[in-house]
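K.L.:
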Amino acid sequence: MHFLLLIVSLFIGCKVFSQPTSMTQTTRDRINFSGLTIPQSGVLYGLSGDAGQLLGTAYLDSTWQAGTVTFYTKLISGTDSLTGVPVRYDLKAENLEIRAKPGDVRVAKGSTVRQFRVNNLLGGTSHYINVHEFGSDAAKLTGFVEQVVSGQLTLLCYPSVYLKRANYNAALSTGSKDDVLIPRTDWYVAQNGHMSRLSLTRKAILALMADKKDEIDRFISTADPDLKTRAGLISVFSHYNALH
303 MHFLLLIVSL
313 FIGCKVFSQP
323 TSMTQTTRDR
333 INFSGLTIPQ
343 SGVLYGLSGD
353 AGQLLGTAYL
363 DSTWQAGTVT
373 FYTKLISGTD
383 SLTGVPVRYD
393 LKAENLEIRA
403 KPGDVRVAKG
413 STVRQFRVNN
423 LLGGTSHYIN
433 VHEFGSDAAK
443 LTGFVEQVVS
453 GQLTLLCYPS
463 VYLKRANYNA
473 ALSTGSKDDV
483 LIPRTDWYVA
493 QNGHMSRLSL
503 TRKAILALMA
513 DKKDEIDRFI
523 STADPDLKTR
533 AGLISVFSHY
543 NALH
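Going by this note's numbering, the letters in the sequence shown line up with residues 303 to 546, in that order.
Rendered as structure tokens:
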């Protein structure tokens, strides 16, 4: 008798553990009733999934461009510069990458580089200067500024990237799983070796160019440059410097 009960209990146990692990219709109905929709596969989406990735680029220009690099100290060769070498600027690390030859990339810390000139996508040459060459607001910055217009007032562009973190909410299946590198441009003006943040308004620019305020005011009224764009700022600063 005991042997028979043992056989029956084993049979029942095997039957219980052999039940499929897929979601039962009762469970499906309860979840559907609560407002969620369960597909026939029985998988509840939004509670798991692939990990995010890093989107965007940390490079000012990811393409290798010919350039000239000037260092603060002399190199082993006895000179303080390299000419005609392929370079690219890593905005996130604030380092300058130099390709000595295919497959051989050297990294120069930004703090060791005084300035560099590099071919740009417009077919011209861009000139970048270490922010430590300037005073005032430059003390708060690291990296390089592009000298866009030189003269009595020098127009500077400070390129950077910031990291937008993933904001994915697994419970609600909303947001993004990806971190994104987003480029940013800030404008500065340099005069007598000091650099200050530039406010992109007509009032601020006229105050900055107070000695030629009337001429610049007429120029802005006539030419109507967009003071929030690179082209617009170049036109105003070039006109101001031409008056000196």
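Built from N, CA and C at the ideal position, the CB exists for glycine as well.
Remember, it's a predicted structure, so these values are computed and weren't measured experimentally.
Could you tell me which residues DSSP puts in a beta bridge with residue 421?
P.N.:
Counted from its first residue, the sequence shown places residue 421 at position 119. Answer is 427, bridged to residue 421.
K.L.:
Given that a residue counts as buried once 16 or more other Cβ atoms are within 10 Å of its Cβ, and exposed if not, what is residue 385?
P.N.:
Locating residue 385 in the sequence shown gives position 83, where the first residue counts as 1. Exposed is the call here.
K.L.:
Which residues does DSSP pair with residue 497 in a beta bridge?
P.N.:
Here residue 497 refers to the residue found at position 195 of the sequence shown. Residue 497 pairs with 438, 492.
K.L.:
Between residue 401 and residue 409, what straight-line distance do the alpha-carbon atoms span, to the nearest angstrom?
P.N.:
Translated into the one-based positions of the sequence shown, residue 401 becomes position 99. Translated into the one-based positions of the sequence shown, residue 409 becomes position 107. Roughly 9 Å separates the two Cα atoms.
K.L.:
Within the stretch 440 to 480, note down every full beta strand (DSSP E) run reaching 3 residues or more, in order along the chain.
P.N.:
Within the stretch 440 to 480, the complete beta strand (DSSP E) runs of at least 3 residues are 446 to 451, 456 to 466.
K.L.:
Taking the continuous beta strand (DSSP E) assigned at residue 384, which residues delimit it?
P.N.:
Walking along the sequence shown from the start, residue 384 turns up at place 82. From DSSP, the beta strand (DSSP E) with residue 384 extends over 383 to 392.
K.L.:
For residue 375, which residues of its own chain have a beta-carbon under 8 Å away from its beta-carbon, when the five flanking residues on both sides are left out?
P.N.:
By one-based count along the sequence shown, residue 375 stands at place 73. 382, 414.
K.L.:
Write down the C-beta distance between residue 469 and residue 478 rounded to the nearest angstrom, noting that I regard them as a contact closer than 8 Å.
P.N.:
Locating residue 469 in the sequence shown gives position 167, counting from the first residue. Locating residue 478 in the sequence shown gives position 176, counting from the first residue. At roughly 6 Å, the Cβ-Cβ gap stays under 8 Å, so residue 469 and residue 478 are in contact.
K.L.:
Quick check on DSSP: helix, strand or coil for residue 527?
P.N.:
For the purposes of this step, residue 527 is taken as the residue at position 225 of the sequence shown. Reduced to three states, the DSSP call for residue 527 is coil.
K.L.:
Are the Cβ atoms of residue 371 and residue 418 separated by less than 7 Å?
P.N.:
The residue you call residue 371 lines up with position 69 of the sequence shown. The residue you call residue 418 lines up with position 116 of the sequence shown. Their beta carbons are under 7 Å apart, which means residue 371 touches residue 418 by this criterion.
K.L.:
Near residue 429, which residues of its chain fall below 6 Å by C-beta distance, leaving aside the five closest residues on each side in sequence?
P.N.:
Along the sequence shown, one-based indexing puts residue 429 at 127. Result list for residue 429: 419, 449, in chain order.
K.L.:
Rounded to whole angstroms, what is the Cα-Cα separation between residue 492 and residue 508?
P.N.:
Counted from its first residue, the sequence shown places residue 492 at position 190. Counted from its first residue, the sequence shown places residue 508 at position 206. Residue 492 and residue 508: Cα-Cα distance of roughly 16 Å.
K.L.:
Kindly identify the DSSP beta-bridge partner or partners of residue 432.
P.N.:
Locating residue 432 in the sequence shown gives position 130, where the first residue counts as 1. Residue 432 is bridged to 446.
K.L.:
With which residues is residue 410 paired in a DSSP beta bridge?
P.N.:
To locate residue 410, count along the sequence shown from 1; it is residue 108. Bridge partners of residue 410: 398.
K.L.:
Just verifying my parser: in three-state terms, what is the DSSP assignment at residue 361?
P.N.:
Taking the sequence shown and counting its residues from 1, the one referred to as residue 361 is at position 59. Strand, per DSSP.
K.L.:
Is the CB-CB distance between residue 412 and residue 495 below 7 Å?
P.N.:
Within the sequence shown, numbered from 1, the residue matching residue 412 stands at position 110. Within the sequence shown, numbered from 1, the residue matching residue 495 stands at position 193. No, Cβ-Cβ distance for residue 412 and residue 495 is not below 7 Å.
K.L.:
Let me make sure I understand the geometry here. Which of 515, 499, 498 has the alpha-carbon closest to that of residue 505?
P.N.:
Against the sequence shown, residue 505 aligns to sequence position 203. Of the listed residues, the one whose Cα sits closest to residue 505 is 515.
K.L.:
Which residue's Cα is closest to the Cα of residue 447: 358, 368, 487?
P.N.:
Here residue 447 refers to the residue found at position 145 of the sequence shown. Nearest option by C-alpha distance: 487.
K.L.:
Can you look up residue 403 in the DSSP assignment and give me helix, strand or coil?
P.N.:
Sequence index remark: in the sequence shown, residue 403 carries index 101 (1-based). Of the three classes helix, strand and coil, the one that applies to residue 403 here is strand, per DSSP.
K.L.:
Assign residue 502 to one of three DSSP states: helix, strand, or coil.
P.N.:
By 1-based counting over the sequence shown, the position of residue 502 is 200. Residue 502: coil per DSSP, three-state reduction.
K.L.:
Helix, strand or coil: how does DSSP classify residue 512 here?
P.N.:
Here residue 512 corresponds to residue number 210 of the sequence shown, with the count starting at 1. Residue state, collapsed to three classes: helix.
K.L.:
Pick from 520, 502, 483: whose alpha carbon is nearest that of residue 490?
P.N.:
For the purposes of this step, residue 490 is identified with residue 188 of the sequence shown, where counting begins at 1. Of the listed residues, the one whose Cα sits closest to residue 490 is 502.
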